[in-house]
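Chemist:
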Amino acid sequence: MKKKFVRLISAVLSAAMTLTAVPLSAFAEGEGHTHDGESNVITTPLDFREKTADESGDGWSWDYDTKTLTLDGVNIQATTDSMSVVTVPDGTEIVLNGNNTIVQTDTLESDTYVLSAVNNKEVNCDGTMTISGDGVLNAENR
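Using the numbering used here, the letters of the sequence shown map in sequence onto residues -17 to 124.
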């Protein structure tokens, strides 16, 4: 009986030590991520046109009622054939905090943008957006 108890305790402690050594991260559904050594890199486009509630992810938050996208140290590097890496509805305010990076890797599609505001689902960049805040936005189309 004592041997079984000792083995059980050993197994539980081994499992606990193994699980604490595994890095865990939680990301918003649908966001692909990698790690560049300094920050988490979002590798999938963000599209806020169809959002119906407040949401947040690594370095960004979306306020549905005010159509405000806050970027706070976001690092997005995506290759996409969609309209843009970050697509917002017409009239969106983008608030910049910290150093933010959005990179679109060339897909040979001439109508793919880094950041766009869309009024009509069929036409890219036909909407308006306001960018404010004390942060920096580094946008690049490679």
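Using N, Cα and C, we set each Cβ at its ideal position, and we do this for glycine too.
Since we're looking at a predicted model, the values are computed, not measured.
1. Using CA atoms only, rank isn't needed, just tell me which of L(-10), L97, N81 and N102 is closest to E75.
2. Any idea what DSSP makes of S(-8), helix, strand or coil?
3. Just tell me which of D40, G39 and T69 has its CA closest to the CA of R31.
4. Determine the direct distance from the alpha carbon of I24 to that of A10, and round the result to whole angstroms.
5. Could you tell me how far apart the beta carbons of L53 and N82 are, in whole angstroms, since I believe they sit closer than 8 Å?
6. In chain order, what residues of the same chain have a beta carbon less than 6 Å from the beta carbon of S114, not counting five sequence neighbours either side?
7. What number of angstroms, rounded off, separates the C-alpha of T26 from the C-alpha of K(-14)?
8. When the distance is taken between beta carbons, is T61 closer than 8 Å to T87?
9. At 3 residues or longer, what runs of the beta strand (DSSP E) sit wholly inside the segment 28 to 88?
10. Buried or exposed: Y46, going by 16 or more other Cβ atoms within 10 Å of its Cβ?
11. From the DSSP output, read off the bridge partner residues of N123.
Modeler: From the atom records:
1. L97
2. helix
3. T69
4. In this prediction, A10 has a pLDDT of 43, which is less than 50 and means its spatial position is unreliable; what the coordinates show is noted afterwards. Their Cα atoms are separated by approximately 10 Å.
5. 4 Å
6. V77
7. 50 Å
8. yes
9. 37 to 39, 42 to 45, 50 to 54, 57 to 60, 66 to 71, 74 to 79 and 81 to 86
10. exposed
11. Q86
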